[in-house]
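**Q** Here it is: the structure, laid out below.
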Amino acid sequence: MDMNSRGTGMNKQICDMDEHGEMKADAQSVAAVAIDTHVTEKEQSKHIKQFFDSKYGPTWHVIVGCDFKAHVTHEAKTFFFFYIGKTAICLYKAG
Numbered sequence: 164m165d166m167n168s169r170g171t172g173m174n175k176q177i178c179d180m181d182e183h184g185e186m187k188a189d190a191q192s193v194a195a196v197a198i199d200t201h202v203t204e205k206e207q208s209k210h211i212k213q214f215f216d217s218k219y220g221p222t223w224h225v226i227v228g229c230d231f232k233a234h235v236t237h238e239a240k241t242f243f244f245f246y247i248g249k250t251a252i253c254l255y256k257a258g
C-alpha cells in the first residue's frame, strides 16, 4: 500500500463508533472523499460537516488531524472516531 496516497487509498482503522448502519458508511466514505479532494484539515472537516448537517440535520461537529485528543458529549448513536491512514477523524452530533 502506498502510504503517500490520501483518502481512498489508505487503510481505514475504526477506533470507536456507536452507530453501525448507513451513517457509519457515510462517515467513512465522506471522510475519504474529503481527504482526497481538500488539502487542509479545516477544508476536510468543513466538507464532512456540511454533508452530515445536510443529510442528518444540524448540529454536527468534526475534528480532523494527525495529533489531537478529545473528550466530547454527544447524542446517542452519533459518535464516530476513526483513522484514514494517519489522519484521525472525530465526528459527533451535539446540540
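Per the working numbering, the very first residue in the sequence shown carries number 164; after that it's consecutive.
Glycine residues also receive a C-beta, built at the ideal position from the N, C-alpha and C atoms.
Here the structure is a predicted model, which means the values were calculated and not measured.
1. Identify which residue in F245, K240, T222, A239 has its Cα closest to the Cα of A233.
2. Assuming A257 and H224 form a contact by the criterion Cβ under 8 Å, report the distance between their Cβ atoms to the nearest whole angstrom.
3. So, with DSSP's three-state summary, where would you put F231?
4. Taking the DSSP output, what are the residues bridged to H224?
5. Name the residue from I252, K240, T250 whose alpha carbon lies nearest to the alpha carbon of M186.
6. Terminal residues of the continuous alpha helix (DSSP H) containing A239?
7. Can you tell me the Cα-Cα spacing of T236 and L254, whole angstroms?
8. Drop a sphere of 10 angstroms on the beta-carbon of M164, count the other beta-carbons inside from all chains shown, and report buried for 16 or more, exposed for fewer.
9. Would you mind sorting S168 into buried or exposed? The rule is 16 or more other CB atoms within 10 Å of its CB.
**A** So, from the listed chains and residues:
1. F245
2. 6 Å
3. coil
4. Y255
5. K240
6. Per DSSP, A239 belongs to no alpha helix (DSSP H) and is neither H nor E.
7. 11 Å
8. Residue placement at M164 cannot be trusted, given a pLDDT of 26 that sits under 50; what the coordinates show is reported in the next sentence. Result: exposed.
9. The predicted model places S168 with a pLDDT of 40, which falls under 50 and marks its position as unreliable; any figure quoted below should be read in that light. That one is exposed.
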